[in-house]
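Count the sequence shown with the UniProt record's numbering and you get residues 1 to 358, in order.
For reference, the structure is listed below as structure tokens.
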Amino acid sequence: HAFAAIGLRVATSLNKAVALTTVVRCKFGSASVIQWDNPAFDKEISSLVRVTDFSCTAASNLSSNFEGDDGAERRAESKEPDGLRVVESRDCLVYHSEAAQCTASLEVLNSGLRELTAAGWSFGLVQACRQSRIEHRYGRSGSAHWVFPELASGARRWLSDSDGTHFPFYGRYSVAGAARGQRLPRQRILLSLLDSFHPTVSWRLTCAKDSLCEIIRQQSFRIWLVATPHSPRQILELQQKQQQQQQQQPTDFRVLTDSRGSVCAADWQFEMLAKFDCARPVGRRLVSVRRSVTAGPADSREDEAANLPLQAVTGVTCNDAQQLVWRAASKISATDVLLIPARRPGDSGRTEDSRSGG
Numbered sequence: 001h002a003f004a005a006i007g008l009r010v011a012t013s014l015n016k017a018v019a020l021t022t023v024v025r026c027k028f029g030s031a032s033v034i035q036w037d038n039p040a041f042d043k044e045i046s047s048l049v050r051v052t053d054f055s056c057t058a059a060s061n062l063s064s065n066f067e068g069d070d071g072a073e074r075r076a077e078s079k080e081p082d083g084l085r086v087v088e089s090r091d092c093l094v095y096h097s098e099a100a101q102c103t104a105s106l107e108v109l110n111s112g113l114r115e116l117t118a119a120g121w122s123f124g125l126v127q128a129c130r131q132s133r134i135e136h137r138y139g140r141s142g143s144a145h146w147v148f149p150e151l152a153s154g155a156r157r158w159l160s161d162s163d164g165t166h167f168p169f170y171g172r173y174s175v176a177g178a179a180r181g182q183r184l185p186r187q188r189i190l191l192s193l194l195d196s197f198h199p200t201v202s203w204r205l206t207c208a209k210d211s212l213c214e215i216i217r218q219q220s221f222r223i224w225l226v227a228t229p230h231s232p233r234q235i236l237e238l239q240q241k242q243q244q245q246q247q248q249q250p251t252d253f254r255v256l257t258d259s260r261g262s263v264c265a266a267d268w269q270f271e272m273l274a275k276f277d278c279a280r281p282v283g284r285r286l287v288s289v290r291r292s293v294t295a296g297p298a299d300s301r302e303d304e305a306a307n308l309p310l311q312a313v314t315g316v317t318c319n320d321a322q323q324l325v326w327r328a329a330s331k332i333s334a335t336d337v338l339l340i341p342a343r344r345p346g347d348s349g350r351t352e353d354s355r356s357g358g
């Protein structure tokens, strides 16, 4: 999965959580958001930490265009046009591309040191996907699509993009802290999230007569900086309880605001169109590629920016929900063919995936 950088993890007691928070679940269309109706909680957060920085930008060298040049000298198995690395082998290719990075800086106030040491909090970055199109075209035969059925059908508006190591946070290092009763190692909490793609794509599929000619990728994500009065272990216990009872039990999350009062939520979108010519030798098949990313603050007027959507912290993750389907170009064969099903708990890796490690 994508790499996420360092942070701090803070623990807390469930008794304190119950005393400080009141959760109101409000419906907006087909989604729910976690709203807080307890001014004392907001006062508590502001007395513990201050958000000094929150930003989301495109990864370096991301926006680029590349046109192949048959006369240029290239490595036999890879091309690197402006940050995109494509490694070609006999049976497949792997493309590596950074997408977006999000950084957050929180200052632990002197008045909050004792409180965090005695009880603790968890601070972290939550990312969720709300739109996805990943299509691999095989000439006139048709296309293979990595799809999220619940997003495609409208059953969900959001899917958690956690890698599962510290669900619902993005990854191992995007949540920060010290255990209950331990002193904080420093008064500044630094969180960073770097999302990147490095999937494997086959040149040919058994269901297609033609070879790979295009890769189309269009995805939209939102990132929130949140605080919760639960330790990571308690969050895991709540998640396991949720799975056992087969119902959604929200953990208490609060989207933070920075020193200017702006909501710490950001949107980013990634688009890529890569074209290939499999008549060429391996190592020279990439013909052209266009990539772009847009990143910036989320619209604070949206309820799902200022308040964390329940779906972003519950249910299946993107890596587990995705499945690969074949859609023939012929109208005679209009039915989707399932090539790789969604992952079940306990499954290991896959031979081809839309995200590495997923």
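Just so you know, even glycine gets a beta-carbon here, dropped at the ideal spot from N, CA and C.
For clarity, every value in this text was computed on a predicted model and none was experimentally measured.
Contact defined as beta carbons within less than 8 Å: I believe residue i pairs with residue j. What is the distance between those atoms, to the nearest angstrom?
i, j, result
"PHE221", "TRP146", "Between TRP146 and PHE221 the Cβ distance is about 15 Å, and since that is not below 8 Å, they are no contact."
"ARG308", "VAL126", "Reading off the sequence, residue 308 comes out as Leu, not Arg. Confirmed, about 7 Å."
"VAL226", "ARG260", "Not quite, the Cβ-Cβ distance comes to about 18 Å (not below 8 Å), so this is no contact."
"LEU273", "VAL289", "7 Å"
"SER196", "ALA99", "6 Å"
"SER162", "GLN101", "With 8 Å as the limit, SER162 and GLN101 do not qualify as a contact, their Cβ atoms being about 17 Å apart."
Could you give the distance in angstroms between the alpha-carbon of residue i and the alpha-carbon of residue j?
i, j, result
"PRO229", "ASP42", "12 Å"
"residue 367", "ILE215", "Residue 367 lies beyond the range of the chain shown here (1 to 358); nothing can be said about it."
"CYS92", "VAL49", "48 Å"
"ALA298", "SER262", "10 Å"
"ASP258", "ALA306", "12 Å"
"SER153", "GLY315", "16 Å"
"ARG355", "VAL282", "Residue confidence is low: ARG355 scores 45 on pLDDT, short of 50, so the model does not pin down where it sits. Its coordinate-derived value is still stated next. Using only the alpha carbons, I get a separation of about 23 Å."
"HIS136", "GLU237", "39 Å"
"GLU115", "GLU107", "14 Å"
"ARG75", "ASP252", "Note that ARG75 scores 37 on pLDDT, short of 50, meaning its location in the model is unreliable; the coordinates nonetheless yield the value given after this. For ARG75 and ASP252, the distance between alpha carbons rounds to 51 Å."
"TYR138", "LEU339", "15 Å"
"GLN131", "SER300", "19 Å"
"SER55", "SER105", "9 Å"
"GLN218", "LYS275", "15 Å"
"THR165", "ALA295", "25 Å"
"LEU159", "ARG343", "15 Å"
Please name the residue, chosen from the options, that lies closest to residue i on a Cα-to-Cα basis.
i, options, result
"residue 359", "SER211, GLY315, PHE169 and SER162", "No answer is possible for residue 359: the residues shown for the chain start at 1 and end at 358."
"ALA266", "ALA58, SER47 and SER46", "ALA58"
"LYS209", "PRO168, ARG260 and SER143", "SER143"
"CYS318", "THR294, ARG157 and VAL226", "ARG157"
"VAL313", "ALA104, TYR170 and PHE54", "TYR170"
"GLU271", "TYR173, VAL293 and ASP320", "VAL293"
"PRO341", "ALA329, SER330, CYS102 and VAL325", "VAL325"
"SER202", "THR52, VAL86 and SER330", "VAL86"
"ALA321", "PHE148, GLY296, ALA295 and ARG188", "PHE148"
"SER47", "THR103, ASN110 and GLU302", "ASN110"
Count the other CB atoms within 10 Å of the CB of residue i; is the residue buried (16 or more) or exposed (fewer)?
i, result
"GLY112", "buried"
"ALA155", "exposed"
"LEU194", "buried"
Within the continuous alpha helix (DSSP H) that includes residue i, where are the two ends?
i, result
"SER153", "149-153"
"ALA305", "303-306"
Can you give me the start and stop residues for the beta strand (DSSP E) that residue i sits inside?
i, result
"CYS102", "92-108"
"ALA321", "Unbroken run through ALA321 is the alpha helix (DSSP H), 318-321; no beta strand (DSSP E)."
"LYS275", "265-276"
"CYS129", "122-138"
"VAL289", "286-297"
"GLN218", "214-228"
"ASP53", "49-58"
"LEU194", "188-197"
"THR165", "Where THR165 is concerned, there is no enclosing beta strand (DSSP E), given that its DSSP letter is neither H nor E."
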